[in-house]
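For the record, in the sequence shown the residue sitting at position 98 is 98 according to this note's numbering, with numbers rising by one throughout. By construction, the Cβ of each residue, glycine as well, lies at the ideal position given by its N, Cα and C atoms.
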Amino acid sequence: MILVGLTGGIGSGKTTVAKLFLNLGIPVFFADQEAKWLMQNSLSLKAEIINAFGEMSYLNGSLNRTYLAHIVFNDKTRLNELNQIVHPVVKAHFKTWLLKQKSDYIIYENAIIFEGNSASDFDLIICVTDELESRIDRVVKRDHTTRQQVIKRIENQMDDAQKIKKSDFVVKNDSKINLKKAVLKIHNEILRHFIK
Ligand code: ATP
Numbered sequence: 001m002i003l004v005g006l007t008g009g010i011g012s013g014k015t016t017v018a019k020l021f022l023n024l025g026i027p028v029f030f031a032d033q034e035a036k037w038l039m040q041n042s043l044s045l046k047a048e049i050i051n052a053f054g055e056m057s058y059l060n061g062s063l064n065r066t067y068l069a070h071i072v073f074n075d076k077t078r079l080n081e082l083n084q085i086v087h088p089v090v091k092a093h094f095k096t097w098l099l100k101q102k103s104d105y106i107i108y109e110n111a112i113i114f115e116g117n118s119a120s121d122f123d124l125i126i127c128v129t130d131e132l133e134s135r136i137d138r139v140v141k142r143d144h145t146t147r148q149q150v151i152k153r154i155e156n157q158m159d160d161a162q163k164i165k166k167s168d169f170v171v172k173n174d175s176k177i178n179l180k181k182a183v184l185k186i187h188n189e190i191l192r193h194f195i196k
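Structural data, given as structure tokens:
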């Protein structure tokens, strides 16, 4: 089975693209969503996060996203520390999930495939990109957050030019694109050229 990593900066549209692969019948592992779920529901992960970031990391049992975001998006070392705690747990869940899949290929959707040095886990990488301003606008609208907060998160991610160089397929998710068509084209190319 071919493992395809799907990545892109915040607000690029990777989840939207991943859902289009899902519509084509391709199994998708949504690693960013899984990480959020595990941070809320895995007792051992919760304990590790509290150990590293303090009791304030959870408020009445719920992940204190504002507190954690304030720490990690102002300090790259702490962001790496959090990723190093969460990533192995997500990876273990992915391995279990993968065993249950029956498909020529699967998609692993994650914002930090390159930043987390996990590109080598995949046979192919798809990168979703768009202009910085459009990405910022999308996230501000979707999350009801501020420009400054979105920019802070973007500053912690690798820039698109570097990601594009390291990717096998690029989806430029701008206003001109027919996203459904672009996804179908990649899907057909994967089936034609990479599935034996
Ligand atoms: P994040 O890294 O923050 O999870 P993402 O890269 O997964 O972001 P999405 O959640 O897919 O991005 O897209 C951000 C927002 O922009 C969503 O509300 C989505 O519906 C919208 N969006 C993405 N692409 C398009 C498009 N081509 N046309 C219209 N809306 C779009």
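- If you draw a straight line from the Cα of L184 to the Cα of V28, it is about 15 Å long.
- For E109, the enclosing beta strand (DSSP E) begins and ends at Y105 to E109.
- Between A69 and K141, the alpha-carbon positions lie close to 19 Å from each other.
- In this structure, K14 has its CB closer than 7 Å to one or more heavy atoms of the ligand ATP.
- Taking non-hydrogen atoms of the ligand ATP into account, the C-beta of L24 is found less than 7 Å away from none of them.
- Short note on V90: C-beta not closer than 7 Å to any heavy atom of the ligand ATP.
- Taking all protein chains in view, the Cβ of I50 is surrounded by fewer than 16 other Cβ atoms within 10 Å, so the residue is classified as exposed.
- Annotation note: the stretch 71-105 contains no uninterrupted beta strand (DSSP E) run of length 3 or greater.
- Between the ligand ATP and G5, a heavy atom-to-CB distance of less than 7 Å is absent.
- With a cut-off of 8 Å on Cβ pairs, the stretch 167-181 is not in contact with the stretch 147-159, counting fewer than three such pairs.
- Excluding five sequence positions before and after D32, the CB atoms of its chain that fall closer than 8 Å to its own CB belong to T15, E109, N110 and A111, given in chain order.
- Nearest to I113 by alpha-carbon distance, out of I71, V150 and Q162, is Q162.
- Taking a C-beta distance under 8 Å as the contact criterion, L3 and D121 qualify as a contact pair.
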